[in-house]
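Engineer: Using full-length UniProt numbering, you'd call the opening residue of the sequence shown number 1 and step up by one each time. Backbone N, C-alpha and C define an ideal beta-carbon position, used for all residues, glycine too.
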Amino acid sequence: MTLTLPVLICLASDSILGTLPKPTLWAEPGSVIIRGSPVTLWCQGPLETQEYRLDQEGLPWTWERQNPLEPGAKAKFHIPSAVYSTAGQYRCYFETPAGWSEPSDPLELVVTEPTLLALPSPVVASGGNVTLQCDTQNGFLTFVLVEEEQKLPRTLHSQNLPKGPSQALFPVGPVTPSARWRFRCYYYYRKNPQAWPNPSDPLEILVPGVSRKPSLLALQGPVVAHGGSLTLQCRSDVGYDRFALYKEGGHVLLQGSGQQPQAGLSQANFTLSPVSHSHGGQYRCYGAHNLSPKWSASSVPLDILIAGLIRDTPSISVRPGPTVVSGENVTLLCQSWHNIDTLFLIKEGAVHPPLRLKSKYQSYKYQAEFSTSPVTSAQGGTYRCYSAIMSHPYLLSSPSYPLELVVSGPSGDPRPPPTGSTPTPGPEDQPLTPTGSDPQSGLGRHLGVVTGVSVAFILLLFLLLFLLLRHRHQSKHRTSAHFYRPAGAAEPEPKDQVLQRRASPVADVQQEILNAAVKDTQPEDGVELDS
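In structure tokens form, the structure reads like this:
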């Protein structure tokens, strides 16, 4: 009898889970959407529903979660502007105290208007060629590629494709900087060649020129949390009227009109929100005048890193301590129990790129040491560590606890670290640069070290015997080194003792990223942080 009761309870539980009905999923105003138009997906479950979940086929994570609008109500998933990637198959689920339901019947969303992409890139060197790809979800079409800003729009190519999702490839080139290469893609049905639906968004091919390059910076800094907002600012003192932003590996350009905050300066802000894994990468921007087709040279590339997508939280510590005197040697240590490839050291409020080092496996941890020689007041501030893996170099872990480094002047009076960010690094915002990045300054330091060691060696010859006899029993204590950890930052638990977090919309892709981590790491020399 004692064995029957648990079995009956288990069978009853399975029976409850098996009776959960499928939710109902539908789209308003319909499942065929004009590109750029809003669409709302509704999911309806039973009265006891606590949460709804919407998945898009092909994505390894949950597309979105929603609570019912009111007890027993349906859930609303709103898409303000449909794009080509919105098209696809969707399913929804609901959760009750008994568990998650089976998926709803699939709902197919179709985005009807064409999309125009440049392959492999919309940035093409003078004299080069590019392929433009026009595609749509409809079939039995003729595609037409039209070059804009001509007295009579010129059809470059047309192509008939069979029924189903369709695409057409149009070779263009060679391109030159003396013309503006701006295109739209149209299509029409074979039975009605006079009716052309709305065209694609315009696509411009950018041919970099030689005029002065603009500067590109991230207003929030180069590290942005997943789900946050990112604003990239392209600016110049040339007075450009328009700017273009390009992400390496992308197929389109973002363009914006130049604003003039003051005479002689122009800028354009590009806001990307909410930030996802796809926003990580390397960006460049270009400037141009309205009366000229010629674009400027490229800005210096800017790396954007997305934090919170690697399931890891490294630790940070400092030796000899968080408060030091200007001129001392300071080492910041980043550590992780996970098999990660790279560790980043980032100073809050700094505009220079973060430091990065390959991790070394030592004492059952993956770690990297960032050293100063010597430290200056400009290097005081708040530091954090992040980790990354080789297969996803622009995706970072969650940050470590913050560590506040206070650098006192020669008199012992603390000098507060610089706060905020400025458009260009100044003397109070000096990056902590890797060892060997300045050969001349490095040679000077080594000569100074050799001279100091020689003098010290002569003096120590007279005291060596006395010190050895008197302090022999203390030698082990004197040679030990200790790292200070910030308040609230406990020693990281071993990997097998780390508590698993509650699943989140990015949990699946996080686990996939961790499983793809390279097992072997290559050692790299330590990093020295210059003043």
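In three-state terms, what does DSSP make of residue 350?
Structural biologist: Locating residue 350 in the sequence shown gives position 350, where the first residue counts as 1. Note: residue 350 maps to coil in three-state DSSP.
Engineer: Applying the criterion that 16 or more other CB atoms from any shown protein chain within 10 Å of the CB defines a buried residue, is residue 53 buried or exposed?
Structural biologist: Your numbering for residue 53 matches position 53 in the sequence shown. Residue 53 should be labelled buried.
Engineer: Skipping 5 residues on each side, what residues in its chain have a beta carbon closer than 6 angstroms to that of residue 20?
Structural biologist: For this step, residue 20 is matched to residue 20 along the sequence shown. Result list for residue 20: 101, in chain order.
Engineer: Determine the DSSP secondary structure at residue 20, reduced to helix, strand or coil.
Structural biologist: Residue mapping note: residue 20 aligns to position 20 of the sequence shown, counting from 1. Coil, per DSSP.
Engineer: Quick one: which unbroken beta strand (DSSP E) runs of 3-plus residues sit fully inside the region 231-272? Chain order, please.
Structural biologist: The qualifying runs are 242-247, 254-257, 266-272.
Engineer: Any idea what DSSP makes of residue 379, helix, strand or coil?
Structural biologist: Walking along the sequence shown from the start, residue 379 turns up at place 379. The answer is helix: DSSP assigns residue 379 an H, G or I state.
Engineer: Are the region 121-131 and the region 171-179 touching, with three or more C-beta to C-beta distances below 8 angstroms?
Structural biologist: These segments touch.
Engineer: From residue 188 to residue 113, what does the alpha carbon distance come to, in whole angstroms?
Structural biologist: On the sequence shown, residue 188 is found 188 positions in, with the first residue counted as 1. On the sequence shown, residue 113 is found 113 positions in, with the first residue counted as 1. Straight-line Cα distance between these residues: approximately 11 angstroms.
Engineer: Cα-Cα, which of 382, 168, 366 is closest to residue 389?
Structural biologist: Mapped onto the sequence shown, residue 389 falls at position 389. For residue 389, the nearest C-alpha among the options comes from 366.
Engineer: I need the DSSP call for residue 278, collapsed to helix, strand or coil.
Structural biologist: Position 278 of the sequence shown, counted from the start, is the residue given in the question as residue 278. Note: residue 278 maps to helix in three-state DSSP.
Engineer: Rounded to whole angstroms, how far is the Cβ of residue 207 from the Cβ of residue 126, which I believe are closer than 8 angstroms?
Structural biologist: Numbered from its first residue, the sequence shown carries residue 207 at position 207. Numbered from its first residue, the sequence shown carries residue 126 at position 126. Residue 207 to residue 126, Cβ: 5 angstroms. Contact.
Engineer: Could you tell me the boundaries of the beta strand (DSSP E) in which residue 314 lies?
Structural biologist: Indexing the sequence shown from 1 puts residue 314 at position 314. Note, residue 314: premise wrong, no beta strand (DSSP E); not H, not E.
Engineer: To which residues of the same chain is residue 279 closer than 7 angstroms at the C-beta, ignoring the five residues directly before and after it?
Structural biologist: Residue 279 sits at position 279 when you count from the first residue of the sequence shown. Contacts found: 230, 272, 304, 306.
Engineer: Could you compute how far the alpha carbon of residue 196 sits from the alpha carbon of residue 204?
Structural biologist: Sequence index remark: in the sequence shown, residue 196 carries index 196 (1-based). Sequence index remark: in the sequence shown, residue 204 carries index 204 (1-based). Taking the straight line from one Cα to the other gives about 21 angstroms.
Engineer: Which one of 49, 29, 80 has the shortest CA to CA distance from residue 98?
Structural biologist: Locating residue 98 in the sequence shown gives position 98, where the first residue counts as 1. Per the Cα distances, 49.
Engineer: Is there at least one non-hydrogen atom of the ligand PLP closer than 6 angstroms to the beta-carbon of residue 132?
Structural biologist: This structure simply doesn't include the ligand PLP, nor any ligand for that matter.
Engineer: Comparing C-alpha positions only, which one of 77, 209, 268, 190 sits nearest to residue 179?
Structural biologist: Position 179 of the sequence shown, counted from the first residue, corresponds to residue 179. With distances taken between Cα atoms, residue 179 lies closest to 209.
Engineer: Express the C-alpha separation of residue 65 and residue 73 in angstroms, rounding to a whole number.
Structural biologist: Start at 1 with the first residue of the sequence shown, and residue 73 comes out as number 73. Start at 1 with the first residue of the sequence shown, and residue 65 comes out as number 65. Between residue 73 and residue 65, the C-alpha separation is close to 15 angstroms.
Engineer: By Cβ distance, which residues of its chain are closer than 6 angstroms to residue 330, with the 5 residues on each side in sequence left out?
Structural biologist: Here residue 330 refers to the residue found at position 330 of the sequence shown. Taken in chain order, the residues that qualify are 324, 372, 375.
Engineer: Compute the beta-carbon to beta-carbon distance between residue 200 and residue 115, rounded to the nearest angstrom, for a pair I have assumed lies under 8 angstroms.
Structural biologist: The residue you call residue 200 lines up with position 200 of the sequence shown. The residue you call residue 115 lines up with position 115 of the sequence shown. Indeed, because the Cβ distance is near 6 angstroms, the residues count as touching under 8 angstroms.
Engineer: When burial is assigned at 16 or more other CB atoms within 10 Å of the CB, is residue 364 buried or exposed?
Structural biologist: Stepping through the sequence shown from its first residue, residue 364 is reached at position 364. It counts as exposed.
Engineer: Given a cut-off of 7 angstroms on the beta-carbon distance, is the pair residue 326 and residue 223 in contact?
Structural biologist: Stepping through the sequence shown from its first residue, residue 326 is reached at position 326. Stepping through the sequence shown from its first residue, residue 223 is reached at position 223. Not a contact, by the Cβ cut-off of 7 angstroms.
Engineer: Count the other CB atoms, across all protein chains shown, that sit within 10 Å of the CB of residue 236; report buried if there are 16 or more and exposed otherwise.
Structural biologist: By one-based count along the sequence shown, residue 236 stands at place 236. Classification for residue 236: buried.
Engineer: Quick one: using the 10 Å Cβ neighbour count with 16 as the cut-off for buried, is residue 283 buried or exposed?
Structural biologist: The residue given as residue 283 occupies position 283 in the sequence shown. Counting Cβ neighbours within 10 Å, residue 283 comes out buried, since at least 16 surround it.
Engineer: When you compare only the Cα positions, how much space is there between residue 344 and residue 395?
Structural biologist: Position 344 of the sequence shown, counted from the start, is the residue given in the question as residue 344. Position 395 of the sequence shown, counted from the start, is the residue given in the question as residue 395. Near 11 angstroms, if we compare the C-alpha coordinates of residue 395 and residue 344.
Engineer: Run the CB neighbour count on residue 379, radius 10 Å, all protein chains shown included, and call it buried at 16 or more, exposed below.
Structural biologist: If you number the sequence shown from 1, residue 379 lands on position 379. With 16 or more other Cβ atoms within 10 Å, it is buried.
Engineer: Assuming the contact rule is C-beta atoms closer than 8 angstroms, residue 218 and residue 302 should be a hit. Round their C-beta distance to whole Å, please.
Structural biologist: In the sequence shown, residue 218 corresponds to position 218, counting from 1. In the sequence shown, residue 302 corresponds to position 302, counting from 1. With a Cβ gap of about 7 angstroms, residue 218 and residue 302 count as contacting.
Engineer: Taking buried to mean at least 16 other C-beta atoms within 10 Å of its own C-beta, is residue 211 buried or exposed?
Structural biologist: The residue you call residue 211 lines up with position 211 of the sequence shown. Its Cβ being crowded by 16 or more others within 10 Å, residue 211 is buried.
Engineer: Less than 6 angstroms between C-beta atoms, sequence neighbours within five positions excluded: which residues of the same chain meet that for residue 336?
Structural biologist: Walking along the sequence shown from the start, residue 336 turns up at place 336. Within the same chain, residue 336 has close Cβ partners 312, 314, 366, 387.
Engineer: Nearest by alpha-carbon distance to residue 276: which of 232, 258, 227, 181 is it?
Structural biologist: To locate residue 276, count along the sequence shown from 1; it is residue 276. Comparing Cα-Cα distances from residue 276 to each of 232, 258, 227, 181, the minimum goes to 227.
Engineer: Going by C-alpha distance, which of 261, 22, 56, 267 is nearest residue 255?
Structural biologist: By one-based count along the sequence shown, residue 255 stands at place 255. For residue 255, the nearest C-alpha among the options comes from 267.
Engineer: For residue 85, name the three-state secondary structure that DSSP assigns.
Structural biologist: The count along the sequence shown starts at 1 and reaches residue 85 at position 85. In this structure, residue 85 counts as helix in the three-state DSSP scheme.
Engineer: What is the rounded straight-line gap between the Cα of residue 244 and the Cα of residue 253?
Structural biologist: Residue numbering aside, residue 244 sits at position 244 when the sequence shown is read from its first letter. Residue numbering aside, residue 253 sits at position 253 when the sequence shown is read from its first letter. The straight-line gap from Cα to Cα measures roughly 6 angstroms.
Engineer: Residue 404 to residue 341, Cα distance in whole Å?
Structural biologist: Taking the first residue of the sequence shown as position 1, residue 404 is located at position 404. Taking the first residue of the sequence shown as position 1, residue 341 is located at position 341. In a straight line, the C-alpha of residue 404 is about 25 angstroms away from that of residue 341.
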